[in-house]
Amino acid sequence: MRETSRPGGAGEAGATWAVLVAAGAGERLEIDRPKAFASLGGRPLLAESLERLDRSPWIDAIVVAAPVGWEEPAILLAEELAATKVVSCVTGGATRADSVREALEDVPDDALVLLVHDAARPLVDDAVIERVLAPLAEGFVGVVPVLPIPDTVKRVDNGVVVETVSRDDLVGAQTPQAFLASALRRAFGGDLSGATDCSSLVERVGGRVAAVEGEPTLLKVTTAADLALVEVLLASS
Ligand code: C5P
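For the sequence shown, position 97 (counting from the first letter as 1) is numbered 102 according to the working numbering, and the numbering increases by one without interruption.
Below you can see the structure in the form of structure tokens.
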């Protein structure tokens, strides 16, 4: 199922590898290309997170999961950005978890730490990367950035409210999520069904996952309105 490789990547033993998943269709954007290639400030959405991860001192090497047929444009983009840490670009799978699994195949066995990030969250920065990496040295095998849920949360069945759920201990989970590579590989060795993030798979196999403060600016682009908002944040940063 893959791939376009580029020699000269920066991977080395014991390194921190980033997996950047960009293979979603992004149908809710209603454009003629996958979401990762939607225009953000005049360049593909993918460029923003790719450049930020490449410039981060915390990241040694990057594997990108691109949409089917968009592997070559992704590699060309990495070259245009002089993103020298990009080691390969794999073809993504049917679900986000499948895309991560494809990318993991291109991460060498001696990688110690894996950071998995959604290209759909362009405004990733070093502060949040540093926050998610820190607990891995304190006995956690995974770390997620989270934010409190500002809205009242209700369970609804067929248009009827059946319960109002206490939001006291509920949070929204973002990416980047960080893992000990061994723990993430173990989690991805099993059933991937229903997983909307990597942490849930690690939790399923009993892995201890820490929650650290997320970033309000780490918005996930789903609709055209999200894209416009991220563009404003980008212009004002
Ligand atoms: O679809 P959604 O925005 O929730 O996807 C989150 C991230 O996972 C996006 O960056 C998207 O490109 C990626 N993804 C993927 N492969 C899929 C589905 C989503 O890489 N099959």
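Just so you know, even glycine gets a beta-carbon here, dropped at the ideal spot from N, CA and C.
Remember, predicted model here, so these are calculated numbers, not experimental data.
Counting every other CB atom within 10 Å of its CB across the protein chains shown gives Leu206 a total of 16 or more, marking it as buried. When secondary structure is reduced to three states using DSSP, Ser44 falls in the strand class.
Assigned with DSSP and collapsed to three states, Asp174 falls in coil, not helix or strand. By DSSP's assignment, Phe184 forms a beta bridge with Leu119 and Gly147.
Around the Cβ of Gly147, a 10 Å sphere holds 16 or more other Cβ atoms; the residue is buried. In the structure shown, Arg160 adopts extended strand secondary structure according to DSSP, grouped into three states. Between Gln182 and Val121 the beta-carbon gap is near 5 Å, inside 8 Å, which marks them as a contact. The Cβ atoms of Ala215 and Pro153 lie no closer than 9 Å to each other.
Taking all protein chains shown into account, Arg213 has fewer than 16 neighbouring C-beta atoms within 10 Å of its C-beta and is therefore exposed. DSSP links Ala71 through a beta bridge to Thr96. Excluding sequence positions up to five before and after Asp111, its CB lies within less than 6 Å of the CB of Val68, Ser93 and Val95, all in the same chain and listed in chain order.
For Ala240, the uninterrupted alpha helix (DSSP H) segment begins and ends at Ala229 to Ala240.
Taking 9 Å as the cut-off, the beta carbon of Arg101 is found closer than this to the beta carbon of Val26.
When the Cα atoms are used, Leu175 and Val161 turn out to be separated by approximately 17 Å. Sequence-distant Cβ neighbours of Leu138 in its own chain, meaning closer than 8 Å and more than five residues away, are Thr21, Trp63, Val118, Leu120, Val148 and Ala183.
In the DSSP annotation of this structure, the continuous segment of the beta strand (DSSP E) that includes Ala215 starts and ends at Val214 to Glu218.
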